[in-house]
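To start, the structure under review is shown below, and the notes come after it.
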Amino acid sequence: MPYIPNTDEDRKRMLHALGLSSTRELFSPVPEHLLLQRELKMAEPLPEVEIYDYFERMGRSNQIFPAKRNLAGGGVYRHFIPPVVKELVHRGEFYTSYTPYQAEVSQGILQCVYEYQSFVCMLTGMEASNASSYDGATALADAVLMAANIVHRKRVLLPPFLHPQYGEVLQTYSQGRMLATTVLPATEQGSIETKALQRELAAKDVAALVLQVPDFLGYIEPEIPELAARAHEQGAMVVFVVHPLATGVMKSPGDLGADIVAGDGQPLGLPASFGGPSFGFLATKKRYIHQLPGRIVGRTTAAEGKTAFVLTLQAREQHIRRERASSNICTNQELAAVQATIYLAALGRSGFHNVARKCEENAHYACAKLCEIPGVEHLFSERQWFNEFSLRLPSAQVVDSAYAGLMEKGWLPGIKLGELFPQLQEGLSLAFTEVHSPSDIDAFAADFREVLG
Numbered sequence: 030m031p032y033i034p035n036t037d038e039d040r041k042r043m044l045h046a047l048g049l050s051s052t053r054e055l056f057s058p059v060p061e062h063l064l065l066q067r068e069l070k071m072a073e074p075l076p077e078v079e080i081y082d083y084f085e086r087m088g089r090s091n092q093i094f095p096a097k098r099n100l101a102g103g104g105v106y107r108h109f110i111p112p113v114v115k116e117l118v119h120r121g122e123f124y125t126s127y128t129p130y131q132a133e134v135s136q137g138i139l140q141c142v143y144e145y146q147s148f149v150c151m152l153t154g155m156e157a158s159n160a161s162s163y164d165g166a167t168a169l170a171d172a173v174l175m176a177a178n179i180v181h182r183k184r185v186l187l188p189p190f191l192h193p194q195y196g197e198v199l200q201t202y203s204q205g206r207m208l209a210t211t212v213l214p215a216t217e218q219g220s221i222e223t224k225a226l227q228r229e230l231a232a233k234d235v236a237a238l239v240l241q242v243p244d245f246l247g248y249i250e251p252e253i254p255e256l257a258a259r260a261h262e263q264g265a266m267v268v269f270v271v272h273p274l275a276t277g278v279m280k281s282p283g284d285l286g287a288d289i290v291a292g293d294g295q296p297l298g299l300p301a302s303f304g305g306p307s308f309g310f311l312a313t314k315k316r317y318i319h320q321l322p323g324r325i326v327g328r329t330t331a332a333e334g335k336t337a338f339v340l341t342l343q344a345r346e347q348h349i350r351r352e353r354a355s356s357n358i359c360t361n362q363e364l365a366a367v368q369a370t371i372y373l374a375a376l377g378r379s380g381f382h383n384v385a386r387k388c389e390e391n392a393h394y395a396c397a398k399l400c401e402i403p404g405v406e407h408l409f410s411e412r413q414w415f416n417e418f419s420l421r422l423p424s425a426q427v428v429d430s431a432y433a434g435l436m437e438k439g440w441l442p443g444i445k446l447g448e449l450f451p452q453l454q455e456g457l458s459l460a461f462t463e464v465h466s467p468s469d470i471d472a473f474a475a476d477f478r479e480v481l482g
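As numbered in the numbering used here, residues 30 to 482 make up the sequence shown, in order.
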């Protein structure tokens, strides 16, 4: 491959320095059966027009669902994005995902990130935010490590229906830091079993209680302030994973007892786009700001008296503290965070609340409509929810057949919960946003009734 700059002589010197005789020895830790036992065959070069044609043919193999017929949620949602958002975020001054280091020539982007941090604090009820994280799962993992560093404990309590992918990322981070995770048992209505929580907290070795609001199934934990108070009484911190739009119809996490708040910002003006890119947000109380991972933009006054924006509190970061840094991941999603900032500014306070209320109204209308169908039950009918809820069908086989039938009718009919939670084989999760009109919901309910026979 001619674009790799190392010559044969360069590689020979590097191998000698490593005490190796061949490049193959570099891969000796990899089991033999995993190595390619033949020459790698690369496709011949193609003219650009043929490359476009090839990828167009590949793309046609995907089944594309319009936003109104996409009812899958699980952390990624279809919302209306005002055209002004895309227009502004594509400006050259913003079009980078990296944090600007030269403050004197980056005042525009730094001010935008400062405004982003302000929006996150407003939504979460916290006092300090970083400049964004890689995604929601990474933000949660950093939040848990941050809590463990603050209280010097090594165990984390997780809710019964935490987003499975968030749990996997957290497990990966926890192994490196020797943290133990315990999944709390659920009641019949899917909420945290409070007696079990009390027993776990009584050991006084819990660093953090994690609460996802709403949880992966769409439901909001009852008596959140009481749960947070129990954790605090036993010296544990409370970490929220929150749907940002849900803050438009409920109290902020700060008002509910959160110490650290994490989440994924995709609902804030970003497309679904095969699951990304998105960004994570991470915020906390002011007294914990020195343990907060990631970049932070601060506002100050320049020598001539003008307001200026700079990267601040950098002593927390890995380019200074190395292995003792609050986080050892450089990647943030600044371009996505800027897009969310533009989206929130375009909506304004009332527009944001209107979008949140419309999501909630549509979901509740859909739930009532679907539960009129024989054989369809609301999974946790006594719980509160935002824009996502779960149904129980007569059997896993009925879930599969109904799902296939609705796909044939052009719907992406939610998420089959049995594939993620073995105890919910008869479950189907559905999400609704402001793009789903009552007539769309009526059409889906009619098709659902038909496929169930």
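Glycine included, every Cβ here is placed at the ideal spot set by N, Cα and C.
- About 6 angstroms separates the Cβ atoms of residue 49 and residue 55, confirming a contact at the 8 angstroms cut-off.
- Look at the beta carbons and you see the segment 326–336 not touching the segment 254–265: under three pairs across the two are nearer than 8 angstroms.
- For residue 470, same chain residues with a beta-carbon under 8 angstroms away, outside a window of 5 residues either side, are 391, 394, 395, 398 and 461 in chain order.
- Minimum Cα-Cα distance from residue 302 among the listed residues 279, 222, 169 and 91 corresponds to 91.
- In the DSSP assignment, residue 139 falls within the unbroken alpha helix (DSSP H) covering 136–153.
- When the five nearest sequence neighbours on each side are left out, the beta carbons in the same chain lying within less than 7 angstroms of the beta carbon of residue 285 are those of 253, 254 and 257, in order along the chain.
- Rounded to whole angstroms, the separation of the alpha carbons of residue 366 and residue 298 is 10 angstroms.
- For residue 170 against residue 202, the beta-carbon gap comes to about 4 angstroms, under 8 angstroms, which counts as contact.
- By the Cβ criterion, the segment 142–153 is in contact with the segment 270–281, since at least three pairs of Cβ atoms, one from each stretch, lie closer than 8 angstroms.
- With a 10 Å radius around the Cβ and a threshold of 16 neighbouring Cβ atoms, residue 41 comes out exposed.
- Beyond the five residues adjoining it in sequence on each side, residue 442 comes within less than 6 angstroms, by CB distance, of 100, 432 and 435 in the same chain, given in chain order.
- Counting only runs of 3+ residues, the beta strand (DSSP E) found wholly inside the segment 211–274 occupies 235–242 and 266–271, in chain order.
- Annotation: the segment 290–371 contains the following complete segments of the beta strand (DSSP E) (minimum length 3 residues), in chain order: 309–313, 326–330 and 336–340.
- For the set 154, 454, 408 and 450, the Cα lying nearest the Cα of residue 428 is the one of 454.
- Take the alpha-carbon of residue 379 and the one of residue 109: they are about 16 angstroms apart.
- In the three-state reduction of the DSSP assignment, residue 68 falls in the coil class.
- Nearest neighbour of residue 112 by Cα position, chosen from 437, 369, 405 and 165, turns out to be 369.
- Per DSSP, the unbroken alpha helix (DSSP H) holding residue 55 starts and ends at 52–55.
- By the neighbour-count criterion, in which a residue is buried when 16 or more other Cβ atoms sit within 10 angstroms of its Cβ, residue 317 is buried.
- A distance below 7 angstroms between beta-carbons, with the five flanking residues on each side excluded, links residue 218 to the following residues of its chain, in chain order: 409, 411 and 412.
- For residue 160, there is no enclosing beta strand (DSSP E), as DSSP gives it neither H nor E.
- Its chain contains 422, 423, 427 and 481 as the residues whose beta carbon lies nearer than 8 angstroms to that of residue 404, once the 5 sequence neighbours on both sides are disregarded; these appear in chain order.
- Taken in chain order, the complete alpha helix (DSSP H) segments of 4 residues or longer contained in the segment 415–439 are 425–437.
- Per DSSP, residue 102 lies in no alpha helix (DSSP H) and is assigned neither H nor E.
- When DSSP states are grouped into helix, strand and coil, residue 445 belongs to the strand group.
- Between residue 381 and residue 161, the alpha-carbon positions lie close to 20 angstroms from each other.
- The alpha-carbon separation between residue 61 and residue 70 amounts to approximately 19 angstroms.
- Straight-line measurement puts the Cα of residue 213 at about 27 angstroms from the Cα of residue 320.
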